[in-house]
Amino acid sequence: MELFLNILLLAVGFLALIKGADFFVDGSSALAKNFKVPGVIIGLTIVAMGTSAPELAVSTSAALKGANEIALSNVTGSNIFNLLGVLGICAMIHPLPIEPVIMKRDFPLSIGISLLTLGAVGLPFMLKGNITSAAMSDNVGEVSRIFSIILLVLFISYIIILIRSARKSPQQEENSELMPLWKCALLILVGLVCIIAGGQFVVNSAKAIAATFGMSETLIGLTIVAIGTSLPELVTSVVASRKGENGLAVGNVVGSNIFNLLFILGISGAIHPITVNLASVTDLAVLVVVSIITMIFARTKNIGRAEGAVMVLIYAADVVFAVLR
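The numbering used here numbers the first residue of the sequence shown as 217 and each following residue consecutively.
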């Protein structure tokens, strides 16, 4: 009976995710048209922040409890899945055109922030020269309050740059009737509530189902929980791509990654310094490599189905590596 209930909750969670993403994309794209803002800007801001709500909830809750070592792995794991899983799956469904502004500004920024974080938490340990004798669980550094504040300052600067960019290149007016602002806001709010609630249903019920079948907690954490907190990005980007809102779909992923690193990690570390182990440093290095690979695929101005399949396979290999280590 309990298994049946969990399966039912899993189905309800997926339904809430799909319908919530549908409402969220419609409201966000309509809002962009009202304010003559390009869809990619909405994707990089409102949609990215909204779909990152589960990661924010997990990381800040852990930080407030003083157990925020999960914050870095949560952010890193979600970013890896966003790039390989979300973009890969979207590209397999429909080839993804990449906006030139994302290639020039947002992709390099995402890689730069990842490198900066890797350097801040891993470089002091690497300079000591004893990396070969360390175990994956050994603490090798921390995300300090000072570094966290730097991340938050960078986040504010990035938002200011996006606002200025939107003002310089307003969206051209269309003949189609504009949706009332109250309806845009209502769709975004209802969609966001459904996305967050659906994500919680999916994660909790999937964990219970996995435990019923005897899966280890490590495997559950590396797969269901990591993917579960990124389900909003996945569903929203897939729905946006199918609706032809490719700028919103790609902007959602890249914006979420920047938001995760600058705001979520910044807030978590500012609340309580984050202890970093060697496994987290390794994952950060993987994130940097994965980001560079994705940018190389995107340099053709289009991530095709073949590249999408390769990205999904790389993600599967990374999960296997994480489980075996």
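No residue lacks a Cβ here, since even glycine has one placed at the ideal position from N, Cα and C. A quick note: this is a predicted structure, and the numbers were derived from the prediction, not measured.
Ranked by Cα distance from Cys306, the first of Ala532, Ala522, Asp534 and Val535 is Ala522. Between Gly293 and Ala533, the alpha-carbon positions lie close to 14 Å from each other. Under the three-state reduction of DSSP output, Thr491 falls in the strand class.
Within the DSSP bridge table, the entry for Val359 names Ile490 as partners. In the DSSP assignment, Pro313 forms a beta bridge with Asn518. Proximity to Phe239 across Cys400, Phe323 and Val253 peaks at Cys400, based on C-alpha coordinates. Leu225 sits close to Ser421, with the two beta carbons spaced by under 8 Å.
Below 8 Å, too few C-beta pairs join the segment 242-253 and the segment 443-450 to call them touching: fewer than three. Here Val241 is not near Lys517, since their CB atoms are 8 Å or more apart. When rounded, the separation of the alpha-carbon atoms in Ile372 and Gly430 is 45 Å. Looking at the backbone, the Cα of Val506 and that of Met217 are separated by about 42 Å. In the three-state scheme derived from DSSP, where H, G and I count as helix and E and B as strand, Leu219 is classed as helix. Assignment of Phe251 by DSSP, reduced to helix, strand and coil, places it in the coil class. In the displayed model, Phe240 falls within a helix according to three-state DSSP. Residue nearest to Val470 within the set Thr261, Gly520, His310 and Val253 is Thr261 (criterion: CA-CA distance). Rounded to the nearest whole angstrom, the C-alpha separation of Leu332 and Gly338 is 10 Å.
In this structure, Leu303 lies near Ile519, with their beta-carbon atoms less than 8 Å apart.
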